[in-house]
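Before any comments, here is the structure.
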């Protein structure tokens, strides 16, 4: 945690880090809110902003404990069959990739090698279209997003609000 003295003495660059555990192809930010200027607020990052992102692919599975709780004999997780054939990419739904690098949550992490795209599904080449393309949408296990914004006078900030739509779960870190 940064001290108040440090907040006053230098410009704060905040990084909003989202770790989204996703199970279905939906990511978005609240659109049902009235415009922020009507409430005296300012939008910093939204679905039209550019975000750095990392997608971790995982096989769609049922954990061993869940199988046992359902009365099934199991010694390992069961891989779910995907009933949507991808003739150009056979068995792509069972693809697995590495998790994000260690330290990706740190505010000084160099994310320059991560792809950069807008978050909203309506933007061509967006995070949503890449992470949840038809050929991989059943395997997207974790979506990590990094957004950056600068605050010239942190003492003037009275509060920060995050609004988003998601499926699965979300963990949010501010400034790492």
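Residue numbers (our numbering): 3 to 178. Cβ atoms here follow ideal geometry from the backbone N, Cα and C, with glycine treated the same way.
Rounded straight-line distance, which links the Cα of residue j to that of residue i
i	j	result
residue 31	residue 110	Residue placement at residue 31 is flagged as unreliable, the pLDDT there being 42, under the threshold of 50; the coordinate-derived value follows with that caveat. Each residue's Cα considered, the two are about 25 Å apart.
residue 174	residue 145	12 Å
residue 128	residue 79	32 Å
residue 153	residue 81	46 Å
residue 23	residue 130	Any reading at residue 23 needs caution, since the residue's pLDDT is 43, under 50, leaving its predicted position unreliable; the model's value is listed next. The straight-line gap from Cα to Cα measures roughly 14 Å.
residue 49	residue 98	27 Å
residue 132	residue 108	24 Å
residue 101	residue 156	33 Å
residue 115	residue 161	32 Å
residue 171	residue 159	27 Å
residue 27	residue 47	With a pLDDT of only 34 at residue 27, under the threshold of 50, the placement of this residue in the model should not be trusted, and no figure is reported.
residue 69	residue 83	15 Å
residue 126	residue 51	13 Å
residue 143	residue 43	34 Å
residue 66	residue 112	37 Å
Residue nearest to residue i in terms of C-alpha spacing, selected from the options
i	options	result
residue 177	46, 150, 160, 159	150
residue 106	53, 148, 123, 67	148
residue 123	44, 69, 53, 43	53
residue 103	46, 56, 83	56
Three-state secondary structure (DSSP) of residue i
i	result
residue 72	coil
residue 66	helix
residue 167	strand
residue 176	strand
residue 58	strand
(message) For the structure I just gave you, are there three or more beta carbon pairs, one from the region 68-78 and one from the region 118-131, closer than 8 Å?
(response) no
(request) Say whether the region 162-170 touches the region 53-68, bearing in mind that this needs 3 or more beta-carbon pairs closer than 8 Å, one atom from each stretch. (result) no
(request) Jot down the residue ranges of each uninterrupted beta strand (DSSP E) in the region 93-159, minimum 3 residues, whole runs only, in chain order. (result) 118-120, 142-153
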